[in-house]
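What follows is one structure encoded as structure tokens, with my remarks underneath.
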Amino acid sequence: MLKFVKNHMESITGIEIYPLISLLIFFIFFVALFWWVITAQKDYINTVSQLPLDKKPNQL
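Take 1471 as the starting number for the sequence shown in my numbering and just add one per residue.
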């Protein structure tokens, strides 16, 4: 089964770019997420972290 898939994938021209694009998207996403976490304001982080603990009556 793997031989069939490998042979089929090798017959597609330009397929070698897809793993590079996937890695680039993965890397950019986590770098952006890291940057957002580092530059986030402490007040915002504290407010958001308390949201699950806030008790609001009659809220579904």
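All C-beta atoms, glycine included, are put in the ideal place defined by N, C-alpha and C.
Note that this is a predicted model, so its numbers are computed, not measured.
In angstroms, rounded to a whole number, what distance separates the CA positions of residue i and residue j?
i, j, result
"A1502", "S1492", "15 Å"
"F1499", "K1473", "33 Å"
"W1506", "V1475", "40 Å"
"T1509", "S1481", "46 Å"
"L1490", "N1477", "20 Å"
"L1523", "N1516", "12 Å"
"L1521", "I1495", "31 Å"
"F1504", "Q1511", "14 Å"
"F1497", "K1525", "38 Å"
Rounded C-beta distance between residue i and residue j? I'm assuming under 8 Å.
i, j, result
"I1487", "M1479", "About 13 Å; that fails the 8 Å criterion."
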